[in-house]
Amino acid sequence: MVKTQTIDNQFKQLQSLSNKISEMINNEDFSKIYHLDSIRKKIINDIKQKNLNTIVPRKETIVKLIHQNDQLVLSLEKKQKDILVDQNRTIKCHKQYLKHL
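Now the structure itself:
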């Protein structure tokens, strides 16, 4: 599990992870996104396990970060699916071309 950290440090880390994930998606660098997302989920679970009364003032920030990261992951999955569809189309096209040679 994630090391016990102060809530402030965890928020900073969540924001940093969110920014990194966003940059990687925009650059179509999918190599480490799932790893970063799993770290993000661990931090969120750790925050939830702590006393929720201490994070009430930041609840809105947490909800926004969770939503933003979920949207980023969905965007990533859509881009990956689109890339796979394009690759499959290209492969089928090449196979048909080769059949006619």
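If you count the sequence shown from 1, you need to add 741 to reach this note's numbering.
Glycine included, C-beta positions come from ideal geometry on N, C-alpha and C.
Nothing here was measured: the structure is a model prediction, and the numbers come from that model.
Contact check between the region 829-838 and the region 772-786: fewer than three CB pairs, one atom from each, fall below 8 Å, which does not count as touching.
Residue 777 places its beta carbon less than 8 Å from that of residue 758. In its own chain, leaving out the 5 sequence neighbours on each side, no residue places its CB closer than 7 Å to the CB of residue 747. Residue environment analysis places residue 832 among the exposed positions, since fewer than 16 neighbouring C-beta atoms fall within 10 angstroms of its C-beta. In the displayed model, residue 747 falls within coil according to three-state DSSP, outside both helix and strand. Just measuring C-alpha positions, the residue of 788, 815, 814 sitting nearest residue 750 is 788.
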